[in-house]
Structure formats: structure tokens, C-alpha cells
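Enquirer: Residues in the sequence shown are numbered from 1 upward in steps of one, following full-length UniProt numbering.
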Amino acid sequence: MKLKSTKLKELCKKHGQKTAPTKQEMVTRLMEKVKHGQEHNEISDIVLNRYRTLHFKNNATHHDMYRSSFNGVDRSNKWWYKSNYAYALNNWRTKMLLSILQDMVANAFVLMRDSRKIHISDFREELSTQLMLYKE
Numbered sequence: 001m002k003l004k005s006t007k008l009k010e011l012c013k014k015h016g017q018k019t020a021p022t023k024q025e026m027v028t029r030l031m032e033k034v035k036h037g038q039e040h041n042e043i044s045d046i047v048l049n050r051y052r053t054l055h056f057k058n059n060a061t062h063h064d065m066y067r068s069s070f071n072g073v074d075r076s077n078k079w080w081y082k083s084n085y086a087y088a089l090n091n092w093r094t095k096m097l098l099s100i101l102q103d104m105v106a107n108a109f110v111l112m113r114d115s116r117k118i119h120i121s122d123f124r125e126e127l128s129t130q131l132m133l134y135k136e
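#1: Output the distance between the C-alpha atoms of Trp-79 and Ser-128, rounded to the nearest integer angstrom.
#2: Return the residue from the list Thr-94, Trp-92, Arg-124 that minimises the CA-CA distance to Asn-107.
#3: Start and end of the alpha helix (DSSP H) containing residue 137?
#4: Is the CB-CB distance between Leu-89 and Lys-82 below 8 Å?
#5: Where does the unbroken alpha helix (DSSP H) through Ser-83 begin, and where does it stop?
#6: How is the alpha helix (DSSP H) around Thr-129 delimited, first residue to last?
#7: Expressed to the nearest angstrom, what Euclidean distance is found between the alpha-carbon atoms of Trp-92 and Leu-101?
#8: Quick one: what's got a C-beta closer than 8 Å to Tyr-66's C-beta in the same chain, skipping five residues either side?
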């Protein structure tokens, strides 16, 4: 199939090649460009495939541990955010006292959970009734 010189000039512009005075020179420039592009694509495909296969042979251990225990992490986060105080505090003394009390309640819950199975909301109710009933 023979191409007209105008079509060859359009192809040269499309591929970023300078036009040449003869058709033969334009065709050779286009063939070199296409050949170089194919080699470049083949090399980039080889590098990309090698990166995908070699780089990700095994996952990092912390990713595997997180994936294997995701439900436990998700549940503990849910419990923490349910029991966390929802309103912003501006006084640093109040923040510190509240954080100490939160840690004390969390530690007491863990100790109580070792002896008997109890839900966090039931534990908080029981703790609040015990604190209200406390007399010196």
C-alpha cells in the first residue's frame, strides 16, 4: 500500500518526527520510531512484571498479623470509641483526670474479665452502682 506524502507528513507529526524531503526517509524515520516504541514497551512490560512478581513475593509480617486479627482490632476499637468521652475538653486538668479514670476503668474491666465473662456496658453499670453505694 502506497501512502501519499501528505499522509506520511501527518504520521510524522503524530509520532513527533520531523518531515523529510523524500518519502523513503520519512518511512525509515517512522519505522525506527515505531520499532523503538515497541522495544520500549516490551522493556517496560518486562520490568513491570518483574517488579510485580519479585517485589511482592511475601507480605510484611505486621500486615499479615493485622489481616489475621482484623476482627479483634475492629471490635476493640469499637469498644474504645463507645466508652470514650465524646465531648471536647479544654481544661488540661480535666483532660488528665478523665484520662486517668478511663485507664483505671479499662484496667478494672480487664481484671474483671479474667475472672468472669461480662460485657463492657454491664461492667460500667455495675461499677457505677458500686461507686454510688460506697460509704466511708
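Beta carbons are placed, not taken as given, at the ideal position from N, Cα and C, and that holds for glycine.
Expert: The structure says:
#1: 18 Å
#2: Its Cα nearest to that of Asn-107, the residue Arg-124 stands out among Thr-94, Trp-92, Arg-124.
#3: Any property of residue 137 remains undetermined from this structure, which presents the chain solely from 1 to 136.
#4: no
#5: 70-83
#6: 120-133 is the span of the alpha helix (DSSP H), which, as asked, contains Thr-129.
#7: 14 Å
#8: Val-73
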